[in-house]
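Asker: My questions all concern the structure below.
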Amino acid sequence: DMTGAGKAIYGLLNVAAINDLIGTRIYPVVAPNNASTFPCIVYEVSSTEPINHKDRLTVQTDGSKGRTLERVTINIYCSGYEYRQVEELENEVRKAIDGFRGDVNGVCVDGIILENSSDSYNYDLEIFEKESIYNFRITY
254 DMTGAGKAIY
264 GLLNVAAIND
274 LIGTRIYPVV
284 APNNASTFPC
294 IVYEVSSTEP
304 INHKDRLTVQ
314 TDGSKGRTLE
324 RVTINIYCSG
334 YEYRQVEELE
344 NEVRKAIDGF
354 RGDVNGVCVD
364 GIILENSSDS
374 YNYDLEIFEK
384 ESIYNFRITY
């Protein structure tokens, strides 16, 4: 079962512009270890910090507690055999999520911000990788 952050990020990445490039090869934490894996996206929630807010303990009209508010950092890795392909993929990821505000998969996302991104080459798998780090707040 995906957390609020994982659900939100998967929902934002699983869109036509990205599916056109990689199908549904969008994986949490680790990609399957086979040649048909690439190009792909791997995302991981690297930190989740609960934010204390006044409504959190308030009992709602339906008897439930208030919503959870979290500050989240997510790392997104775009990987592939060709650098150009990885660049294109990372560009579509950025378009899909940078600055996003709204509801996705039942999670309320408040302004995703790109912190930084970097390039690397994985010699074992012979793939190019771009890692991007995004910060945002979610309520669910």
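Those letters in the sequence shown? Residues 254 to 393, per the numbering used here, in order.
By construction, the Cβ of each residue, glycine as well, lies at the ideal position given by its N, Cα and C atoms.
Note that the structure is predicted; figures quoted are calculated from it, not measured.
For the alpha helix (DSSP H) containing N344, list its first residue and its last residue.
Answerer: Y336 to I350 is the extent of the alpha helix (DSSP H) around N344.
Asker: Taking V360 as the reference, which of R390, S370, D377 and V283 has the closest Cα?
Answerer: Closest option to V360, Cα to Cα, is R390.
Asker: Quick check on G359: does DSSP put it in helix, strand or coil?
Answerer: G359: coil per DSSP, three-state reduction.
Asker: When the Cα of Q338 is compared with those of I275, G257, A258 and I262, which residue comes out closest?
Answerer: Among I275, G257, A258 and I262, the Cα nearest to that of Q338 is on I275.
Asker: At a cut of 8 Å, does the region 289 to 301 reach the region 324 to 332 through at least three beta carbon pairs?
Answerer: With the cut-off at 8 Å, the region 289 to 301 and the region 324 to 332 touch.
Asker: Keeping to the same chain, check which residues put their C-beta closer than 7 Å to that of V298; ignore five residues upstream and five downstream.
Answerer: Counting only Cβ-Cβ distances below 7 Å, and skipping sequence neighbours, we find T256, A258, G259, V325 and I327.
Asker: Span of the beta strand (DSSP E) holding G264?
Answerer: That residue, G264, is in no beta strand (DSSP E); its alpha helix (DSSP H) goes G257 to L266.
Asker: Between I350 and D356, what straight-line distance do the alpha-carbon atoms span, to the nearest angstrom?
Answerer: Taking the straight line from one Cα to the other gives about 12 Å.
Asker: Please report the straight-line C-alpha distance between L367 and N388, rounded to a whole angstrom.
Answerer: Their backbone Cα atoms lie some 7 Å apart in a straight line.
Asker: Let's see if you can read the secondary structure: which residues bound the beta strand (DSSP E) around N272?
Answerer: It is not in any beta strand (DSSP E) - N272 instead sits in the alpha helix (DSSP H) that spans A269 to I275.
Asker: Nearest to E341 by alpha carbon, out of V268, K383 and V282?
Answerer: It is K383.
Asker: So, for I380: in the same chain, excluding its five sequence neighbours on each side, which residues have a beta-carbon less than 7 Å away from its beta-carbon?
Answerer: Same-chain partners within the cutoff: F291, S332, G333 and Y334.
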